[in-house]
């Protein structure tokens, strides 16, 4: 049986942008402390940190924005088929909801970050005016004509590090990096190799579609969902540049399915994971005792962590935690993308 | 309900009390507004916010400069009067085609990892998964054969699209296949269809779609062995190509990027990506030369140099690869 798999890992040189680098594309978003917004830029091969100064605490209230795709297109002065919403993240302090958007769909598309306040009003987050820093994910200068790119599939902020999952458009390789923040000029970050107990390179090098930081018995992990939906537990303490990390597959959640987004929460003293999927709806996973599930080593479907499907949630593409008892969802409902807060199930 | 007076304002129209647009479309203004008066500019109908932009006042005018150029039909409302401005977007006509689909050969291994679709012009993101299908010989589509990720894998120019097969659908005897089966089965014929409706960056569909029909062969599980390649060294003093025969097709993008010569020149692939040809910028110098081969080079099934795709990396199979690259020497002789 093939035990492990292999490698990803491109070296990543992490250097502060000398003159300020400009965001070339706006992809995955995540918030760090004090209103710091991290944005993944696949086109530019960089991770950006913006000080939003959006730190006025707000209490969670219900938010609903119907047709957010239509409204964003109108705000940006174009039609709905000329924008792409890449990600949505809630500022945990202000509860304002941030969106990464491409205005245009060709190579000249302009990246825009928008903010919806708790009344649902949209405005532009002025990137140029914000204090910012960035790191390059590659030490290979982008030569003219170079075609290799790495798509950033998810970002998270864990224990002072930005964790970045990515996928190449040439070599069959996925990558996971952990970058200390504040970004430091001389940080040399290599990719992290994740070895899965039971899977071949197909799975290991398949992209991490989404992941969520999670604490099990005071130990920080990330739970990463791969394509064809294995759920893998990776200790954060192992996520050091250049490290070879052993991930443990703790659930197979079925195939013909793509995990889209995940959040972790507690309810009535119990821990859960909520996971949006392309074709299996929104799953609520019991997150108690994730440390004790035996690693899955045999290829069988749907085992490990128990879950139920939340029937009331349809078409959910994006999820983020809103407050202790609510999540915010971006759902496709008959072609209209609607944002709303929901009670955590 | 307000009954808006609808006016189609043609360029140069100077109706009083309505919003005007500059000839280049970059500014909208009203003349002599009352103090505190403003107007709104919209793209799209219904309950939508006004477009982003900045107002400025001067010379008796209130001017609005939108944050982005407004190529679509615009509505502007001033004193309850709506003015519509026609779209400034030139009608795009179909021009782009699919130039090449890699691999170019029509016999592909069952454990094929990917296709590259190369277009003649930059394309739009966001619709790839509606535009690609894999058909079986009877014309029925293979269900979800590809890794459909929202972060579509384009090159920086949006001209080359990478299609990865879903890792769960590549045959290797594990779980997902027991339920849905592999996407490709040896001995069968398939057709990759690129739909003509795929829009280019200008918004026009392709001039024509593309169908690539291929036969699936047994899986390829051998590592790449550069020492087994046939290297045809050119004579010194000429710019004849160095010809390297791989003996099997390699990944087109990686073969061009990861095999390099020790002199400047131009590489190309031929014979269905089984052959690498290199034309030097200057005539070949007699003597010993070498090719550098990055060991992350892959064939169509992801097998790497000295290492088949799906192996335990702790297994000794990889131990003879010590560096990131290996050198393949060759000698250029005088004719």
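Residue numbers (this note's numbering), protein chains in the order written: chain R, 33 to 377; chain D, 124 to 458.
The C-beta atom is built at its ideal place from N, Cα and C for all residues, glycine as well.
- Report the neighbours of residue 165(D) on chain R: residues whose CB is nearer than 8 Å to its CB, in chain order. The residue labelled residue 165(D) in the question sits at position 42 within the second chain. Chain R residues near residue 165(D): 106.
- Task: Return the CA-CA distance between residue 300(D) and residue 269(D), expressed in angstroms with no decimal places.
- Result: Mapped onto the second chain, residue 300(D) falls at position 177. Mapped onto the second chain, residue 269(D) falls at position 146. A caution first: residue 300(D) carries a pLDDT of 45, below 50, which makes its placement in the model too unreliable to give a value.
- Message: If distances are taken between C-alpha atoms only, which option among 259(D), 206(D) and 396(D) comes closest to residue 314(D)?
- Response: One-based indexing of the second chain puts residue 314(D) at position 191. Cα-wise, what sits closest to residue 314(D) is 259(D).
- Item | Proximal residues of chain R, C-beta to C-beta of residue 236(D) below 8 Å | Numbered from 1 along the second chain, position 113 holds the residue referred to as residue 236(D). Neighbours of residue 236(D) on chain R, chain order: 204.
- Query: So the alpha helix (DSSP H) residue 103(R) belongs to, where does it begin and stop?
  - Reply: Numbered from 1 along the first chain, position 71 holds the residue referred to as residue 103(R). 100–107 is the span of the alpha helix (DSSP H), which, as asked, contains residue 103(R).
- Query: Below 9 Å between beta carbons: does that hold for residue 398(D) and residue 450(D)?
  - Reply: The residue labelled residue 398(D) in the question sits at position 275 within the second chain. The residue labelled residue 450(D) in the question sits at position 327 within the second chain. Not closer than 9 Å, so no.
- residue 269(R) by DSSP, collapsed to three states: which one? For the purposes of this step, residue 269(R) is taken as residue 237 along the first chain, with counting starting at 1. Looking at residue 269(R) - three-state DSSP - the assignment turns out to be helix.
- Message: Taking 8 Å as the limit between beta carbons, can you name the residues of its chain near residue 424(D), skipping five residues before and five after?
- Response: For the purposes of this step, residue 424(D) is taken as residue 301 along the second chain, with counting starting at 1. So the qualifying residues of the chain are 232, 234, 235, 236, 342, 343, 344 and 432.
- In angstroms, rounded to a whole number, what distance separates the CA positions of residue 159(D) and residue 185(D)? As a first step, residue 159(D) must be located in the second chain, where it is residue number 36. As a first step, residue 185(D) must be located in the second chain, where it is residue number 62. Cα to Cα, residue 159(D) sits roughly 10 Å from residue 185(D).
- Query: Which of helix, strand or coil does DSSP assign to residue 190(D)?
  - Reply: Here residue 190(D) refers to the residue found at position 67 of the second chain. Residue 190(D): coil per DSSP, three-state reduction.
- Message: Using a 10 Å radius around the Cβ and a threshold of 16 neighbouring Cβ atoms, would you call residue 153(R) buried or exposed?
- Response: Sequence index remark: in the first chain, residue 153(R) carries index 121 (1-based). With fewer than 16 other Cβ atoms within 10 Å, it is exposed.
- Buried or exposed: residue 110(R), going by 16 or more other Cβ atoms within 10 Å of its Cβ? Locating residue 110(R) in the first chain gives position 78, where the first residue counts as 1. Counting Cβ neighbours within 10 Å, residue 110(R) comes out buried, since at least 16 surround it.
- Item | Backbone secondary structure at residue 278(D) - three-state DSSP | To locate residue 278(D), count along the second chain from 1; it is residue 155. In this structure, residue 278(D) counts as coil in the three-state DSSP scheme.
- What is the DSSP secondary structure of residue 179(R), counted as helix, strand or coil? Here the question's residue 179(R) lines up with position 147 in the first chain. Three-state result, residue 179(R): coil.
- Task: Give the interface partners of residue 103(R) over in chain D, defined as CB-CB distance under 7 Å, in chain order.
- Result: For the purposes of this step, residue 103(R) is taken as residue 71 along the first chain, with counting starting at 1. Here the neighbours are 171 and 172.
- Pairwise C-alpha distance: residue 87(R) and residue 203(D): Looking up residue 203(D) in the second chain gives position 80. Looking up residue 87(R) in the first chain gives position 55. Their Cα atoms are separated by approximately 38 Å.
- Item | Opposing strand residues paired with residue 78(R) [DSSP bridges] | The sequence position of residue 78(R) within the first chain is 46, counting from 1. Paired residues: 73(R) and 168(R).
- Task: Please list the partners that residue 74(R) has in chain A, where partner means a Cβ-to-Cβ separation under 9 Å.
- Result: This model lacks chain A altogether; the protein chains it does include are R and D.
- Task: Counting only the same chain and skipping the five closest in sequence on each side, list residues whose C-beta sits under 8 Å from that of residue 175(D).
- Result: The residue labelled residue 175(D) in the question sits at position 52 within the second chain. The residues are 189, 190 and 191.
- Message: As an exercise, report each continuous beta strand (DSSP E) stretch of at least 3 residues that is fully enclosed by the segment 385–427 of chain D, in chain order.
- Response: 388–393, 398–403 and 410–417
- Message: Mapping the DSSP letters down to three states, classify residue 220(R) as helix, strand or coil.
- Response: For the purposes of this step, residue 220(R) is identified with residue 188 of the first chain, where counting begins at 1. Annotation note: pLDDT 42 at residue 220(R) (below 50); position unreliable, no value reported.
- Task: Consider the Cβ of residue 221(R): report whether some Cβ of chain D lies at a distance smaller than 9 Å.
- Result: By 1-based counting over the first chain, the position of residue 221(R) is 189. The predicted model places residue 221(R) with a pLDDT of 44, which falls under 50 and marks its position as unreliable, so this point remains unresolved.
- Task: Determine which residues of the segment 75–96 of chain R have a Cβ less than 8 Å from any Cβ of chain D, and write them out in chain order.
- Result: 75
- Give a yes or no on whether the minimum CB-CB distance between residue 311(D) and chain R is below 9 Å. The sequence position of residue 311(D) within the second chain is 188, counting from 1. Chain R, which has no Cβ nearer than 9 Å to the Cβ of residue 311(D), makes this no.
- Cα-Cα separation, residue 368(D) to residue 307(D): As a working mapping, residue 368(D) is identified with position 245 in the second chain. As a working mapping, residue 307(D) is identified with position 184 in the second chain. Looking at the two C-alpha atoms, the distance is approximately 27 Å.
- Query: Nearest CA to the CA of residue 114(R): which residue from 312(D), 326(D), 455(D) and 360(D)?
  - Reply: Within the first chain, numbered from 1, the residue matching residue 114(R) stands at position 82. Checked all of 312(D), 326(D), 455(D) and 360(D); the closest Cα to residue 114(R) is 326(D).
- Message: If we define contact as Cβ-Cβ less than 9 Å, is residue 192(R) a contact residue for chain D?
- Response: For the purposes of this step, residue 192(R) is identified with residue 160 of the first chain, where counting begins at 1. False, the Cβ-Cβ gap to chain D never drops below 9 Å.
- If you compare alpha carbons, which of 96(R), 85(R), 320(R) and 188(R) is closest to residue 249(R)? Within the first chain, the letter at position 217 stands for residue 249(R). For residue 249(R), the nearest C-alpha among the options comes from 320(R).
- Message: Suppose you measure from the CA of residue 152(D) to the CA of residue 162(D); what does that come to, to the nearest Å?
- Response: For this step, residue 152(D) is matched to residue 29 along the second chain. For this step, residue 162(D) is matched to residue 39 along the second chain. Using only the alpha carbons, I get a separation of about 8 Å.
- Taking the alpha-carbon positions, what's the residue 339(R) to residue 304(R) distance? One-based indexing of the first chain puts residue 339(R) at position 307. One-based indexing of the first chain puts residue 304(R) at position 272. Their backbone Cα atoms lie some 9 Å apart in a straight line.
- For residue 408(D), which of 338(D), 359(D) and 354(D) has the nearest alpha-carbon? Taking the first residue of the second chain as position 1, residue 408(D) is located at position 285. It is 359(D) whose Cα lies nearest to the Cα of residue 408(D).
- Check the Cβ-Cβ distances between residue 323(D) and every residue of chain R, and say whether any is below 9 Å. Here the question's residue 323(D) lines up with position 200 in the second chain. So yes, residue 323(D) belongs to the interface.
- Query: Are the CB atoms of residue 309(R) and residue 99(R) nearer to each other than 9 Å?
  - Reply: Indexing the first chain from 1 puts residue 309(R) at position 277. Indexing the first chain from 1 puts residue 99(R) at position 67. No; because the gap between Cβ atoms is not below 9 Å, this pair is not in contact.
- Name the chain R residues that come within less than 8 Å of residue 421(D), Cβ to Cβ? Residue 421(D) sits at position 298 when you count from the first residue of the second chain. Neighbours of residue 421(D) on chain R, chain order: 203 and 204.
- Query: The beta strand (DSSP E) spanning residue 259(D) covers which residue range?
  - Reply: Working through the second chain from its first residue, we reach residue 259(D) at position 136. Residue 259(D) -> beta strand (DSSP E) spans 255–259.
- Task: Determine the direct distance from the alpha carbon of residue 207(R) to that of residue 284(R), and round the result to whole angstroms.
- Result: As a first step, residue 284(R) is located in the first chain; it is residue number 252 there, counting from the start. As a first step, residue 207(R) is located in the first chain; it is residue number 175 there, counting from the start. Each residue's alpha carbon lies about 21 Å from the other.
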